[in-house]
Structure formats: C-alpha cells, structure tokens
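> Okay, handing you the structure first.
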Amino acid sequence: MGFLSRLFGHRQQETTPSEPVYYKDFAIFPEAIAENGQYRVAGRITREINGEMKEHRFIRSDVVSSRSSADELMLSKAKMFIDQMGENIFS
C-alpha cells in the first residue's frame, strides 16, 4: 500500500493547532504539515471584516527539516503577503 500511496501522490499529513501571531490586524496561524520526515510550509491568515471572519489558507511548495523552521518561514511569507495584498487577500 505504501508504494501505491507514493505513486498516486498520497502523503502522510499531520498538522497540530498553533497559536496565532498578530500582524497589522491579521491573525497568522502557522500550520506546518509533516511529510516524510520533513515539514511543508502551510498556514492560515484570518481577519474580521465588517463583522465577518475571513480566512485565507495556503500550502507552499517549500519543505524544510524542522517544524520551527517551517513556521518561521510561513510567518515571514505571510507578513510579506499581507504587506503586498492587504484585505485583497480575501478577494
């Protein structure tokens, strides 16, 4: 079964909840995904707009060796994305 899973792209995915980091009224949730002994950069950006909670999820192609490195990279990429897009992230 492991061979077939790898052949068809099924990956072991494991995420654990994280505490948000606040940046410019956005909440950033690093949610690295464990894959084959490494961690894929992933997470969520949320913000309340006009009484409605908006959310943007993303999974990057970046894979690193530790969860802390994945979370740090996610935070820096999320902050850059917020600086570039602002509320348009949710469009």
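Using my numbering, read the sequence shown as starting at 1 and increasing by one per residue.
Cβ coordinates follow ideal geometry from the N, Cα and C atoms, glycine included.
Owing to the predicted nature of the structure, the values given are computational and were not obtained by experimental measurement.
1. Where does Ser61 fall in DSSP's three states?
2. CA-CA distance, Ala42 and Lys24?
3. Judging by CA-CA distance, which residue of Ile33, Arg47, Gly37 is the nearest neighbour of Ala27?
4. With the cut-off set at 8 Å, would you say Ile49 and Glu87 are in Cβ contact?
5. Among all the DSSP beta bridges, which residues are the ones paired with Phe102?
6. For Pro30, which option in Ile89, Gln84, Arg60 has the closest C-alpha, if you only look at C-alpha atoms?
7. Are Ala32 and Ala78 touching if we call contact CB-CB under 8 Å?
8. What are the residues that DSSP puts in a beta bridge with Ala34?
In short:
1. Position 61 of the sequence shown, counting from 1, holds the residue named residue 61. If DSSP states are grouped into helix, strand and coil, Ser61 belongs with the strands.
2. Locating residue 42 in the sequence shown gives position 42, counting from the first residue. Locating residue 24 in the sequence shown gives position 24, counting from the first residue. Using only the alpha carbons, I get a separation of about 20 Å.
3. The sequence position of residue 27 within the sequence shown is 27, counting from 1. For the residues Ile33, Arg47, Gly37, the minimum Cα distance to Ala27 belongs to Arg47.
4. Here the question's residue 49 lines up with position 49 in the sequence shown. Here the question's residue 87 lines up with position 87 in the sequence shown. By the CB criterion at 8 Å, Ile49 and Glu87 fall inside the cutoff.
5. The chain is shown only over 1 to 91; residue 102 falls outside these bounds and no answer can be derived.
6. If you number the sequence shown from 1, residue 30 lands on position 30. Closest option to Pro30, Cα to Cα, is Arg60.
7. Your numbering for residue 32 matches position 32 in the sequence shown. Your numbering for residue 78 matches position 78 in the sequence shown. No, Cβ-Cβ distance for Ala32 and Ala78 is not below 8 Å.
8. In the sequence shown, residue 34 corresponds to position 34, counting from 1. Ala34 is bridged to Tyr39.
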